[in-house]
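Counting in the numbering used here, the sequence shown runs from 3 upward without gaps.
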Amino acid sequence: MHWQPTASNSMLAARAALNAQIRSFFAARDVLEVETPLMCHASGTDPNLHPVTAAYQPYPHAHPQTLYLQTSPEFAMKRLLCRQWRHLSVVQGVPQWRKRRPS
């Protein structure tokens, strides 16, 4: 294993161009791009998804908290839509984390 990235410069440029085209497509249709929190205090409501936990300590002497990496942005997106934005359409492209189902 080495420290160098495995993606070529041309692959990185192609990915950046694709992301720009996707953003342009939605912007032309007045769709608002948003980012919802990646960590939350409670896991999702789907019993078949197993969230990844993360210890969070906001400052050195604070009590550590257990937070969950989002398994899906659906709940946060619904909260935004209920807020009655000027834009009725929102889009988000974010990472999601899920543990494998226990055997």
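A virtual CB, placed ideally from N, CA and C, is assigned to each residue, including glycine.
Do Leu83 and Val93 have their C-beta atoms closer together than 8 angstroms? No, the Cβ-Cβ distance between Leu83 and Val93 is not below 8 angstroms.
For Ala19, collect the residues of the same chain with a Cβ closer than 6 angstroms to its Cβ; drop the 5 residues on either side in sequence, then sort them by chain order.
none
Between which two residues does the alpha helix (DSSP H) harbouring Leu82 extend? Here the alpha helix (DSSP H) through Leu82 covers 76-84.
Exercise for review: Taking the CB atoms as reference points, tell me whether Glu37 and Phe28 lie closer together than 8 angstroms.
Suggested key: Result no, Cβ atoms of Glu37 and Phe28 do not sit closer than 8 angstroms.
Hey, could you find the ends of the beta strand (DSSP E) Gln67 is sitting in?
-> 67-71
Suppose the cutoff is 6 angstroms on Cβ atoms and the five residues either side in sequence are ignored; what does the same chain contact list for Leu64 look like?
According to the sequence displayed, residue 64 carries Ala and not Leu. Closer than 6 angstroms at Cβ, skipping near neighbours: no residue.
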